[in-house]
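K.L.:
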Amino acid sequence: MTFSSDGSLFGWCNGSQVSVIKASTGELVKSFDLPKTSALEFSPLNRVLATWQQYTKTQDNPQGEANLQLWDLQTGACIKAFYQKKVTGWCPSWADDEKTIANKLHLQKVSEFALSPGSHPSKVAVYVPGSKGAPSFVRLYQYPNFGATAVLVTASTEVDKTGASYYGEQTLHYVATNGESAVVQLPKNGPIYDVSWNPSSSEFCVVYGFMPAKATIFNHKCESVFDFGTGPRNAAFYSPQGHILVLAGFGNLRGQMEVWDVKKYKQVSKPQAEDTTHFSWCPDGEHIVTATCSPRLRVSNGYKIWHYTGTVLYKHETPSNKELWEVLWQPFPTGTFPEKAVKYQATPSELGSTEAKPAQAYRPPALRNKPQTASSKLHEEEPPQNMKPGAAGEKQMSKAALKNQKKREAKKAAKQENKTDEAPPPAADPAPASHVTSSCGDPEIDKKIKNLKKKLKAIDELKEQQASGKVMQKNQNPRHLNGHGAQRYTVRANRLTRTSIMPVKKKRKSSGSEDPSIRKCKITSYCRTQTPGRLVNPDDHFSSKKCVAWFYEYAGSDDIVGPESMEKFCEDIGVEPENIVMLVLAWKLEATNMGFFTKEEWLKGMTSLHCDCTERLQGKLDYMRSQLNDPVVFKNIYRYAFDFARDKDQRSLDMDTAKSMLALLLGRTWPLFPVFHQFLEQSKYKVMNKDQWYNVLEFSRTVNTDLSNYDEDGAWPVMLDEFVEWHKARIAL
């Protein structure tokens, strides 16, 4: 279903026909006998309706029928029909006056384009991908500057030269129609989640960086104007009037929304909408809708209408036996709803507000019901800050005022110094007991005592940090933290101190008058001897009970971590679900089904990894990545991937899954992989069996890139023989 751009017409397909009505009266305008239509779009002036159906071929018509059709809404006639096999980019682009329509530019290998809105001459942004299997790509956003003066381009490469990510690196480029261009400098490393232009065309907002992500507003000079700090967010939505910005975390995040007044850079509200798959602003700039729709989520379907102050005004829950597929606001012509002053007081409603509650930090059982120490978070969130000079309520001072202020400060400092020189020295106050230090008169011993006490203080600080849950580095967790080493320092300090203050008495020679049978008491030591073994740090132990509790943070009632919980698990450990390290983890857990971990698999694998919490597993990620560098281990992981990825009722791996897994495992290490992938794309093979899968790895390791040492009489599968023959024929051309 869809509305026209001005909201006057509404069209939908009910599975039998396409109907177009007037939104105001419900009067039928036209109907078309198109039962398989799955996409609709009106032209800017509501003269033409574009429809798209699934492309199909039959025995009678092997070429298939044109599935993209343009219909005249006045006569109902088909103006033109096109072949459009893919739904991606199906809709043609019109100029605002409908004098120009573009479906595909005659430019070699163009795959995406956009016509700028506004009057002629129209400006076009296009994208041409790299050739010869180059992995890099450029994506042009669908919402460029509404004034048609600039476009933002996100460029991505598959290889990250810094080695920080398996998925390459991303950069944001600003390109203007006057020929100027610049790279937008993003202070935090990580992916770019979203880029959104303000409808006023004066600024744009970027959400970027590893979680918790940063959000920053930039002007036309690509200068940062305001930094919203960090938080759980991956999307940005400006209101139609451009005066309010919503930063949200949907998808695998918990649905937290931050509503900001863009002019004052002040937060209005912070509601939470869990399981949201759709968000959109009402044209009035005051209301928003969040929805949970199928097929993204097939449970808890429904939608809520909010006021931007965080109040839920209306809530609809779809019955359990039905599904909600789409939610749309009726559009209105630009200028229908003028901008209103931003309110900070919540609008009253019977449904109330759903402000996001602050998450409680996990406290180990041993620390519960005890005074809290200074907390240490895995990811400290940064507060918002205004990047403009003289921000935060400070007025810009003139040069003369600044000069006078410096003079006053210097004069005040001089007076204070004179008072200090003239005043008699004050009587020494007794120092607190905790700072009293005794001296033995020997400077060397005093120096050693001072150094030892410094070390003891540092150890106590590390113990406090460790008790608060902070992840310690190897060099911060020496054997003296909890045990023998700490006592050794204490003993040595006491020995030095006591020896200097009260020396041990020497053994007195017995006089003849004394009875030798009487045993005399003497002091032989001021400290007990230390055992050579180290006292065990309880934090070094793996806790199966803690590991089970960690498992149930993600598992459902069926004792299984499913796909949706897996996304949350990946987010917590800071790894993308498609990262190869997740395959290594599944191999360690001996998981049998892709996207699922059972309780038995979890306990067995995490026990072998010695991990019972998120922080410990994060500390093992580098180790698991290093396993890929071992040829024997990599071979085991590669062979495991076949059974892990295939459907358990099939003996072979479907080709689409095989290509994805091969790209993950061999895409970066095998120079011939782009060519082999191209061969699989054009080949007749629909599946890959285990023998073929195993031999692809052997082929990649033993056969030269020029195929000079390939043995045609060897026991290679027919698939690889055909690949060699196909590749040699390409080289010969």
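If you read the sequence shown in the UniProt record's numbering, its first letter stands for residue 1, the second for the next number, and so on.
We put the CB at the ideal spot given by N, CA and C, even for glycine.
For the beta strand (DSSP E) that contains residue 227, what are its first and last residues?
P.N.:
224-231
K.L.:
Apart from the five residues just before and just after residue 132, which ones in its own chain have a Cβ nearer than 7 Å to its Cβ?
P.N.:
For residue 132, the predicted model reports a pLDDT of 49, less than 50, meaning its position is unreliable; a value from the coordinates is still stated below. Closer than 7 Å at the Cβ level, and outside the excluded window around residue 132, lies no residue.
K.L.:
According to the neighbour-count rule (16 or more other Cβ atoms, all chains shown, within 10 Å of its Cβ), is residue 325 buried or exposed?
P.N.:
Result: exposed.
K.L.:
Less than 7 Å separating the beta-carbons of residue 338 and residue 283?
P.N.:
no
K.L.:
Which same chain residues end up closer than 6 Å to residue 13 when comparing Cβ atoms and leaving out the 5 residues on each side of it in sequence?
P.N.:
37
K.L.:
CB-CB under 8 Å to residue 29, same chain, minus the five flanking residues each way: which ones, in chain order?
P.N.:
9, 20, 21, 22 and 73
K.L.:
What did DSSP end up calling residue 386 once you bin it into helix, strand or coil?
P.N.:
In the displayed model, residue 386 falls within a strand according to three-state DSSP.
K.L.:
With a threshold of 8 Å, are at least 3 pairs of Cβ atoms found where one atom belongs to the stretch 546-563 and the other to the stretch 585-592?
P.N.:
no
K.L.:
From residue 101 to residue 89, what does the alpha carbon distance come to, in whole angstroms?
P.N.:
14 Å
K.L.:
Straight-line CA distance for residue 150 to residue 192?
P.N.:
19 Å
K.L.:
Taking only runs of the beta strand (DSSP E) that begin and end inside the stretch 282-361, which ones reach a length of at least 3 residues, in chain order?
P.N.:
287-292, 302-307 and 312-317
K.L.:
Residue 22 bridges to which residues according to DSSP?
P.N.:
9
K.L.:
List in chain order: all unbroken beta strand (DSSP E) runs of 3+ residues lying wholly within the stretch 527-611.
P.N.:
none
K.L.:
Specify whether the stretch 247-254 and the stretch 329-348 touch according to this definition: at least 3 beta carbon pairs, one from each stretch, less than 8 Å apart.
P.N.:
Because the criterion of three Cβ pairs below 8 Å is not met, the stretch 247-254 and the stretch 329-348 do not touch.
K.L.:
Along the beta strand (DSSP E) that carries residue 71, what are the first and last residues, could you check?
P.N.:
Residue 71 -> beta strand (DSSP E) spans 68-72.
K.L.:
According to DSSP, which residues form a beta bridge with residue 624?
P.N.:
Residue 624 is not bridged to any residue.
K.L.:
Tell me, which residues are paired with residue 94 by DSSP?
P.N.:
101
K.L.:
I'd like the list of long-range same chain contacts for residue 686, defined as Cβ closer than 8 Å, with 5 residues on each side in sequence excluded.
P.N.:
Excluding positions up to five away in sequence, the list reads 654 and 655.
K.L.:
Taking DSSP as the reference, what is the three-state secondary structure of residue 247?
P.N.:
Of the three classes helix, strand and coil, the one that applies to residue 247 here is strand, per DSSP.
K.L.:
Between residue 316 and residue 303, how many whole angstroms is the CB-CB distance? I'm expecting something under 8 Å.
P.N.:
5 Å
K.L.:
Could you spell out the range, first to last residue, of the beta strand (DSSP E) harbouring residue 173?
P.N.:
169-176
K.L.:
Does the beta-carbon of residue 45 have 16 or more other beta-carbons within 10 angstroms, so that it is buried, or is it exposed?
P.N.:
Exposed is the call here.
K.L.:
I think residue 311 touches residue 347, with their Cβ atoms under 8 Å apart; what is that distance to the nearest whole Å?
P.N.:
With a Cβ gap of about 5 Å, residue 311 and residue 347 count as contacting.
K.L.:
Note down, in chain order, each residue of its chain lying with its Cβ closer than 7 Å to the Cβ of residue 695, except the 5 sequence neighbours on either side.
P.N.:
716, 717 and 720
K.L.:
Keeping to the same chain, check which residues put their C-beta closer than 7 Å to that of residue 80; ignore five residues upstream and five downstream.
P.N.:
70
K.L.:
From the DSSP output, which residues share a beta bridge with residue 207?
P.N.:
194 and 215
K.L.:
I'd like the span of the beta strand (DSSP E) that includes residue 41, first residue to last.
P.N.:
37-42
K.L.:
Tell me which residues share the same chain as residue 647 and place their Cβ nearer than 8 Å to its Cβ, disregarding the 5 neighbours each side in the sequence.
P.N.:
Cβ within range, chain order: 654.
K.L.:
Measuring alpha carbon to alpha carbon, tell me which of 590, 632, 50 and 83 ends up nearest residue 64.
P.N.:
Residue 64 has its Cα closest to that of 83, out of 590, 632, 50 and 83.
K.L.:
Which term fits residue 209, buried or exposed, when burial requires 16 or more other beta carbons within 10 angstroms of its beta carbon?
P.N.:
buried
K.L.:
Mind reading off the beta-carbon distance from residue 244 to residue 190? Whole number of angstroms is fine, and I expect it under 8 Å.
P.N.:
At roughly 26 Å, the Cβ-Cβ gap does not stay under 8 Å, so residue 244 and residue 190 are not in contact.
K.L.:
Alpha carbon to alpha carbon, how far is residue 651 from residue 605? Give it in angstroms, no decimals.
P.N.:
26 Å
K.L.:
If you draw a straight line from the C-alpha of residue 386 to the C-alpha of residue 155, how long is it?
P.N.:
If you take the alpha carbons of residue 386 and residue 155, they lie about 28 Å apart.
K.L.:
Between residue 242 and residue 295, is the Cβ-Cβ spacing less than 7 Å?
P.N.:
no
K.L.:
How about residue 215 and residue 235: are their beta carbons less than 7 Å apart?
P.N.:
no
K.L.:
Classify residue 731 as buried or exposed, calling it buried when 16 or more other Cβ atoms lie within 10 Å of its own Cβ.
P.N.:
exposed
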